[in-house]
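Notes follow once the structure below has been shown.
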Amino acid sequence: MTPLVRKLLNDRNKMRRKGRITEADELAQKINTPIVKSRASSLAPMGEASIGDLWRETGKTINIKKCSAISFNPDAVNAHFSNISRGDESTDYDSFYVSVTSESYGGDDLIEPFTVERLLNKLKRTSPGRDNIPSWVFKTCSAELSQVICSLFNLSLNWGEVPWQWRDAIVTPIPKVLNPSALTDYRPISVTPILSRMLEKIIVKAFISPALDSNQARNQFAYKRTGSSTCALIYITHWVSVMLETSTYVRCLLIDFTKAFDIVDHTVLLNKLSKLCLPPRVFNWIVSFLRNRTQVVKINSAYSSAEPINKGVIQGSGLGPALFSVMVNDLQLRSVRNILCKFADDATALSPEGSDISLEDEFKGILDWAIINKMCINTSKTKEIIFRRPNPRRDVIVPCISNVEIVNEVKLLGVLFSNNLVFDAHLRSVLSQCSSRCFLLRLLRNQGLPLSKLNIIFDSLILSRLRYAVTVWGGFLNADQIHQINAFLRRARRWAISDIELNFNDILKRCDKALFKGMMYSGHCLHQLLPEPNNPSIELRKRGHIFSLPSYKYEIFRKSFVIRCLFQFK
């Protein structure tokens with residue numbers, strides 16, 4: 383709204399009030415010229431802008447509105463969330479405390495000052511808890527505060543007590559759907575004090591993670607340094623392709639847990655923690671962390687009254703994800719021929735044709751596990767999909783699992799799978815989203831945003847969508863599907879919203895190479911999928927990797943990520 387446009391608009395309004403409609407309409411058409419001219423150069427000065435300023439201007443262009451629970455009373459929201467995480471049966475926390483003798487104490491502090499200083503110095507910008515101490519204070523004064531905070535941490539651990547201020551969380555309702563209309567459309571994300579989260583992460587890294595059974599934790603791909611949803615999907619597609627080498631079909635069951643994080647029973651959880659090899663002081667600290675917890679809900683600047691909770695692990699805390707991993711660590715299948723993949727609270731079971739234990743029996747075992755561990759499975763949202771090779775010689779007929787729907791297409795961790803492993807539906811969805819996002823970039827281009835900044839937004843909004851899990855589905859695309867993606871990328875360059883010279887094969891190869899290089903290290907969560915190293919008796923030519931090349935019968939196995947990379951980078 384420039385001064386000239388404001389004056390012309392006032393003149394137009396005066397003409398209309400005086401009944402001079404024709405003249406007002408003619409002036410309205412003339413007003414469009416200075417508006418277009420002003421918009422065409424409004425973002426031209428953004429060439430030297432920072433990334434934060436760039437995204438703020440982008441948000442103004444598309445008029446981003448934050449979705450919040452402002453229409454709900456904070457007390458009503460807190461009552462809703464706390465009722466889910468509050469059970470009738472109270473946990474006897476005192477019975478779990480371990481007596482700390484001089485031998486088990488050892489007399490040494492568990493945390494060193496340099497560990498605290500390093501964490502403070504690397505602290506990212508994050509929301510404070512109820513103490514309202516901003517993150518920049520800890521980062522700026524890391525050297526001065528490290529000794530004091532280290533003493534506080536060790537004092538808390540030695541006494542096995544968590545300060546009551548750290549047991550009070552601020553809950554923010556986060557929408558689960560695009561247009562939430564009820565409280566059930568929100569999930570609670572808790573914010574605990576920064577110091578509490580820091581000590582929790584130290585405990586997880588130093589004590590809980592090493593204590594977990596590595597064999598049982600091999601199929602959990604969340605909350606790991608190398609884990610991701612892409613790794614979980616690669617694990618699933620790899621074993622599906624392996625099973626289809628010798629089987630006509632593979633049954634896949636997608637299990638849905640209801641409010642998995644919010645209803646974790648503390649008695650069950652502490653019993654499992656007590657079986658881990660944890661120092662007594664650390665175990666007592668976790669017991670104290672779980673007991674006498676309260677939460678308040680914050681909506682805009684309004685706070686609710688505090689409500690007690692006695693169930694669940696805190697989503698948003700440093701300890702919550704690790705505690706949930708401990709809770710589901712013993713969830714396993716009965717047959718070694720069947721495969722279970724876990725990503726946080728998502729569990730996927732695979733069973734090939736002719737397995738010694740059927741998928742029905744495996745699901746019964748999972749239901750029994752849920753009852754014993756006081757978890758809840760939503761059978762109405764649990765789905766089964768039967769993967770099969772394209773054009774099989776005979777129809778697939780399998781018994782149905784009670785109350786579980788069999789589908790031909792399902793979304794798993796953001797990727798649409800069809801029962802023949804043809805990713806037409808997923809590709810249509812990705813290209814549709816990318817095309818709609820191109821409209822935003824064309825608006826920014828028309829407002830004069832420099833091409834260098836358009837490239838940043840293009841990479842963040844469009845190429846990132848194309849790259850998500852591309853190592854999972856990219857190898858299964860045919861020539862026509864690849865042509866569709868390349869045609870879209872050419873259109874983007876023709877529209878002058880990006881000058882990045884890329885085609886789909888380049889994108890796929892870069893992503894394949896980066897992930898394959900990472901998984902060759904023994905500590906990577908996907909290293910288990912690699913074949914045995916090839917140790918020839920004579921020295922051969924230099925190769926891209928040391929692993930033997932497997933034989934294959936069907937192209938589905940050849941197109942899966944691990945096998946594709948073994949042949950591509952040999």
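In case it helps, the numbering used here puts the sequence shown at residues 383 to 952.
Every residue, glycine too, gets a C-beta built ideally from N, C-alpha and C.
Under 7 Å between C-beta atoms of residue i and residue j
i: Gln-598; j: Asn-755; result: no
i: Cys-820; j: Val-852; result: no
i: Phe-535; j: Leu-581; result: yes
i: Val-854; j: Thr-640; result: no
i: Leu-890; j: Gly-926; result: no
i: Phe-858; j: Lys-935; result: no
i: Lys-606; j: Cys-907; result: yes
i: Cys-532; j: Ile-493; result: yes
i: Gly-698; j: Val-573; result: yes
i: Phe-603; j: Phe-725; result: yes
i: Ile-767; j: Cys-613; result: no
i: Ile-928; j: Pro-913; result: no
i: Gly-830; j: Ala-426; result: yes
i: Tyr-903; j: Asn-666; result: no
i: Glu-499; j: Ser-524; result: yes
Residue i: first and last residue of the uninterrupted beta strand (DSSP E) it sits in
i: Val-789; result: 787-789
i: Leu-798; result: 797-800
i: Thr-497; result: Where Thr-497 is concerned, there is no enclosing beta strand (DSSP E), although the alpha helix (DSSP H) it sits in stretches over 495-503.
i: Leu-722; result: 721-725
Close-in-space but distant-in-sequence residues of the same chain around residue i (CB under 8 Å, 5 per side omitted)
i: Leu-798; result: Glu-791, Val-792, Phe-805, Ala-807, His-808, Ser-811
i: Ile-759; result: Ile-637, Asp-638, Phe-639, Thr-640, Ile-748, Leu-749, Ala-752
i: Ser-834; result: Gly-429
i: Val-559; result: Asp-567
i: Leu-390; result: Leu-409, Lys-412, Ile-413, Pro-416
i: Leu-911; result: Ile-616, Tyr-617, His-620, Met-901, Val-944
Residues near residue i in its chain [Cβ-Cβ closer than 7 Å; skip 5 each side]
i: Leu-636; result: Thr-730, Thr-764, Lys-765, Val-792, Leu-794
i: Gln-714; result: Gln-598, Leu-722
i: His-648; result: Thr-473, Leu-672, Asn-692, Lys-693
i: Asn-885; result: Asn-868, Leu-871
i: Asp-457; result: Ser-686, Ser-687
i: Ala-451; result: Because the pLDDT of Ala-451 is 48, which lies under 50, any placement of that residue in the model is unreliable, and the question is left without a value.
i: Asn-720; result: Ala-731, Leu-732, Ser-733, Ser-737, Ile-739, Glu-744
i: Asp-513; result: Gln-547, Pro-575
i: Asn-465; result: none
i: Ile-938; result: Ser-623, Leu-626, Arg-771, Leu-803
i: Ser-880; result: Leu-836, Asn-837, Phe-840, Ala-874
i: Ile-945; result: Pro-932, Tyr-934, Phe-939
Terminal residues of the alpha helix (DSSP H) in which residue i lies
i: Ile-938; result: 937-941
i: Ile-889; result: 886-901
i: Phe-463; result: 456-466
i: Met-709; result: 702-710
i: Lys-400; result: Taken as a continuous stretch (DSSP letters only), Lys-400 belongs to no alpha helix (DSSP H), as it is neither H nor E.
6 Å Cβ shell around residue i - same chain, five flanking residues per side excluded
i: Met-397; result: Glu-405, Ala-406
i: Cys-449; result: Residue placement at Cys-449 cannot be trusted, given a pLDDT of 46 that sits under 50; what the coordinates show is reported in the next sentence. Cβ neighbours of Cys-449 beyond the five flanking positions: Pro-557.
i: Ala-684; result: Pro-456
i: Met-901; result: Leu-908, His-909
i: Glu-735; result: Ser-629, Thr-630, Tyr-631
i: Ile-844; result: Cys-816, Arg-819
i: Asn-601; result: Leu-722, Cys-723, Lys-724
i: Pro-570; result: Phe-463, Val-553
Residue i at chain C interface by Cβ criterion, 7 Å
i: Leu-845; result: Absent from the structure: chain C. Only one protein chain is present.
- Query: How about the segment 458-478 and the segment 502-515: do they share at least three Cβ pairs that are nearer than 8 Å?
  - Reply: Here the segment 458-478 makes no contact with the segment 502-515; the two share fewer than three CB pairs at distances below 8 Å.
- What are the uninterrupted segments assigned as beta strand (DSSP E) that are 3 or more residues long and contained completely in the segment 631-694, given in chain order? Runs of the beta strand (DSSP E) inside the segment 631-694: 631-638, 675-681, 689-691.
- Whole runs of the beta strand (DSSP E) within the segment 730-785, excluding any shorter than 3 residues: Taking only runs of at least 3 residues, the beta strand (DSSP E) segments lying wholly in the segment 730-785 are 765-770.
- Three or more C-beta pairs below 8 Å linking the segment 622-629 and the segment 857-875: No: the two stretches stay apart, fewer than three of their Cβ pairs being nearer than 8 Å.
- Task: Answer yes if the segment 538-555 comes into contact with the segment 664-684, meaning at least three C-beta pairs across the two stretches below 8 Å, and no otherwise.
- Result: With contact defined as three or more Cβ pairs closer than 8 Å, the segment 664-684 and the segment 538-555 are in contact.
- Task: At 4 residues or longer, and completely inside the segment 806-865: list those alpha helix (DSSP H) runs for me, N to C.
- Result: Runs of the alpha helix (DSSP H) lying entirely within the segment 806-865 and spanning at least 4 residues, in chain order: 806-828, 833-840, 846-849, 852-855.
- Item | Contact between the segment 568-586 and the segment 866-874 (3+ Cβ pairs under 8 Å) | Between the segment 568-586 and the segment 866-874 there are fewer than three C-beta pairs closer than 8 Å, too few to call the two in contact.
- Task: Pick out the complete alpha helix (DSSP H) segments inside the segment 565-626, 4 residues or longer, and give them in chain order.
- Result: Correct list: 576-585, 611-626.
- Can you list, in chain order, the stretches of the beta strand (DSSP E) that have 3 or more residues and sit fully within the segment 501-559? The DSSP assignment places 550-557 as complete runs of the beta strand (DSSP E) inside the segment 501-559, in order along the chain (cut-off: 3 residues).
- Should the segment 460-471 be called in touch with the segment 680-693, which here means at least 3 C-beta pairs below 8 Å? Yes, the segment 460-471 is in contact with the segment 680-693.
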